[in-house]
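Asks:
Numbering (our numbering), first residue to last: 189 to 728.
1) Taking its Cβ as the centre, do 16 or more other Cβ atoms sit within 10 Å of residue 145, making it buried, or is it exposed?
2) Entirely within the stretch 252 to 309 and at least 3 residues each: give me those beta strand (DSSP E) ranges in chain order.
3) Does DSSP put residue 587 in a helix, in a strand, or in coil?
4) Quick check on this structure: which residue in 530, 604, 710 has the alpha carbon closest to the alpha carbon of residue 611?
5) Would you say residue 565 and residue 545 are within 8 Å of each other, going by their C-beta atoms?
6) What are the residues that DSSP puts in a beta bridge with residue 428?
7) Name the two residues that bound the continuous beta strand (DSSP E) containing residue 447.
8) Going straight from the alpha carbon of residue 407 to that of residue 420, what length do you get?
9) Going by DSSP in three states, residue 227 sits in which element: helix, strand or coil?
10) Looking at the unbroken alpha helix (DSSP H) that takes in residue 706, where does it start and where does it end?
11) Between which two residues does the beta strand (DSSP E) carrying residue 564 extend?
12) Would you check if there are 3 or more beta carbon pairs closer than 8 Å linking the stretch 365 to 373 to the stretch 402 to 417?
13) Mark residue 331 as exposed unless 16 or more other C-beta atoms lie within 10 angstroms of its C-beta, in which case mark it buried.
14) Please classify residue 473 as buried or exposed, where buried requires at least 16 other C-beta atoms within 10 Å of its C-beta.
15) Could you pull the DSSP bridge partners for residue 317 from this structure?
16) If distances are taken between C-alpha atoms only, which option among 724, 725, 718 comes closest to residue 266?
17) Cα separation between residue 716 and residue 257?
18) So for residue 522, helix, strand or coil by DSSP?
19) Going by beta carbon distance, what residues of the same chain come within less than 6 Å of residue 607, once the five residues before and after it are set aside?
20) Are residue 688 and residue 358 closer than 8 Å when you measure CB to CB?
21) Is the stretch 517 to 527 touching the stretch 475 to 491 in the sense that three or more CB pairs, one from each, lie closer than 8 Å?
22) In terms of alpha-carbon separation, which member of 547, 532, 487, 582 lies closest to residue 560?
23) Rounded to the nearest angstrom, how far is the Cβ of residue 693 from that of residue 363, given a contact under 8 Å?
24) Can you tell me which of 488, 492, 527 puts its alpha carbon nearest to the alpha carbon of residue 508?
25) Closer than 7 Å by C-beta to residue 617: which residues in its own chain qualify, once you throw out the five before and the five after it? Chain order, please.
26) Any idea what DSSP makes of residue 492, helix, strand or coil?
27) Assign residue 350 to buried or exposed, taking buried as 16 or more other Cβ atoms, counted over all protein chains shown, within 10 Å of its Cβ.
28) What separation, rounded to the nearest whole angstrom, lies between the Cα atoms of residue 624 and residue 698?
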């Protein structure tokens, strides 16, 4: 009997192959799931990263935009919010400046937001330096950009006190309906607001609180309740003063009350010996013009030299010499309503309309064709220039204490700058009417070129107008200048002469007050410039 064997290997192999197929399929599914999951994760991460990157970029743009627009926004703020007045106390000055800058600590444009912080703020003599940190935001993303800035204001320096309400190198035609008058040399500048206190009875020094110290300078001489005092220091609205008269009798602090009367110019030390000529220390020596005549304690003298830096003037006495000049003796300058390097032509019936300190500048005699009119300020030799330097721009220096080169650094403003508010502005002659018409403006207005103005309406200007060209137009309507006007003149196309007449034939009222004008000009802000310090942009 033969045996038959049946092998089960193929069936076992078939079972194994079935299991392997399932395993391969499961493995493939797992791999595919991993690939899909990884791809989805990467795609989602890339998308999220893109969103975050876009938000970071938008936040950085907001921060950069806040930095880039800051100078423009600060310039706009200066027009309505003047910088805080320095008090001399570094801590309070720093806090006041930081508070002022705080009005610019946010920025929003195009849906973007940024906040600004002013860091490392340092006050300088003419402005400030600071680090500006701008934090831009987009959703929950923040980016910080930093930039150092330097802020400067034009230092106007010592603006000389004018010697007349209208000062003109060309001749003056005063045959219209204008009125020019005023007061000179001294006047009330502020008031005492509280009890003065004695610092030293031995030295006769006091501190005096005043309403507003604007316009006062260290070295000035003031009178309070009949007492003459030298101003030695100014801290905010507190004055440190030393009594210089009455000589030999001390006053008490409670005598220093009421009005503070400023003498624009005074003898700055006592003199008992005199020579002719003589160099004399004077307060605000930079006010004086070589060739002008002054009166001191009833004695007349011509100014033959001026050293503003040393604070001295040289005098040539007209007759007898003084015997005594106590410190604080007032120096009276010859200030007039009208002054010209050429002639002055008023109407005979209008002579009384041009006067200073209640004295008429112009007098006349005779009638009709035979009337003879003379004006004290005509053909003034001090306006003829410096014979030692015919190219010197003496007139600009006399009017503003600045050279023409310095004036030319002041940028020209257009007609859209708005009314002037205690600022210095330089404009083209053709823009004159549009800049001041029907407004109440204040400051220093410099006009380049020749104007032919026809200002209709009710216009008031408080301060100083300097025409660097010719003023040949009429002022119709009501143009009132509370301050002074200066006209340099210049070559006119088609004319053989260098100057034309300064025309006052329209309606122009000039009210001149030397002390009030000093206070007004002291409040004028010089042109402000804000610049980013190169190479300081960075991120934090």
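Don't be surprised by glycine CBs; every beta carbon is placed ideally from N, CA and C. All of these numbers come straight from a predicted model, not from anything done at the bench.
Replies: The short version:
1) The first residue shown for the chain is 189 and the last is 728, placing residue 145 beyond what the model contains.
2) For the stretch 252 to 309, the full-length beta strand (DSSP E) segments reaching 3 residues or more read 294 to 297 along the chain.
3) The residue given as residue 587 occupies position 399 in the chain shown. It is helical.
4) Position 423 of the chain shown holds residue 611. When only C-alpha atoms are compared, the closest one is 710.
5) As a position in the chain shown, residue 565 is number 377, starting the count at 1. As a position in the chain shown, residue 545 is number 357, starting the count at 1. Result no, Cβ atoms of residue 565 and residue 545 do not sit closer than 8 Å.
6) Residue 428 sits at position 240 when you count from the first residue of the chain shown. Per DSSP, 395, 421.
7) For this step, residue 447 is matched to residue 259 along the chain shown. Its beta strand (DSSP E) spans residues 447 to 451.
8) Your numbering for residue 407 matches position 219 in the chain shown. Your numbering for residue 420 matches position 232 in the chain shown. Going by the C-alpha atoms only, they are around 6 Å apart.
9) Counting from 1 along the chain shown, the entry for residue 227 is found at position 39. Three-state result, residue 227: helix.
10) Your numbering for residue 706 matches position 518 in the chain shown. Residue 706 -> alpha helix (DSSP H) spans 702 to 710.
11) By 1-based counting over the chain shown, the position of residue 564 is 376. From DSSP, residue 564 is part of no beta strand (DSSP E); its letter is neither H nor E.
12) In this structure the stretch 365 to 373 does not lie against the stretch 402 to 417, because fewer than three pairs of beta carbons, one per stretch, are closer than 8 Å.
13) What you label residue 331 is simply residue 143 of the chain shown in a count that begins at 1. Answer is buried; the Cβ neighbour count reaches 16.
14) Taking the chain shown and counting its residues from 1, the one referred to as residue 473 is at position 285. Flag for residue 473 reads buried.
15) For the purposes of this step, residue 317 is taken as residue 129 along the chain shown, with counting starting at 1. In the DSSP output, where bridge partners are listed per residue, residue 317 has 310, 338.
16) As a first step, residue 266 must be located in the chain shown, where it is residue number 78. Minimum Cα distance to residue 266 is reached at 718.
17) Here residue 716 corresponds to residue number 528 of the chain shown, with the count starting at 1. Here residue 257 corresponds to residue number 69 of the chain shown, with the count starting at 1. Approximately 16 Å, taken between the alpha carbons.
18) One-based indexing of the chain shown puts residue 522 at position 334. Three-state result, residue 522: coil.
19) Within the chain shown, residue 607 is the residue found at index 419, counting from 1. If we look at residue 607 and ignore the five residues flanking it on each side, its Cβ neighbours are 627, 629.
20) In the chain shown, residue 688 corresponds to position 500, counting from 1. In the chain shown, residue 358 corresponds to position 170, counting from 1. Cβ distance < 8 Å, so residue 688 and residue 358 count as in contact.
21) Between the stretch 475 to 491 and the stretch 517 to 527, the count of Cβ pairs shorter than 8 Å is three or higher; the stretches touch.
22) Reading the chain shown from its first residue, position 372 is the one you call residue 560. Nearest in C-alpha terms to residue 560, of all of 547, 532, 487, 582, is 532.
23) In the chain shown, the residue the question calls residue 693 occupies position 505. In the chain shown, the residue the question calls residue 363 occupies position 175. That pair is a contact at about 6 Å.
24) On the chain shown, residue 508 is found 320 positions in, with the first residue counted as 1. Across the set 488, 492, 527, the C-alpha of 488 shows the shortest separation from the C-alpha of residue 508.
25) By 1-based counting over the chain shown, the position of residue 617 is 429. When the five nearest sequence neighbours on each side are left out, the beta carbons in the same chain lying within less than 7 Å of the beta carbon of residue 617 are those of 635, 636, 637, 638, 639, 657, in order along the chain.
26) The residue labelled residue 492 in the question sits at position 304 within the chain shown. Strand at residue 492.
27) For the purposes of this step, residue 350 is taken as the residue at position 162 of the chain shown. So residue 350 counts as buried.
28) Locating residue 624 in the chain shown gives position 436, where the first residue counts as 1. Locating residue 698 in the chain shown gives position 510, where the first residue counts as 1. Those two C-alpha atoms are separated by around 15 Å.
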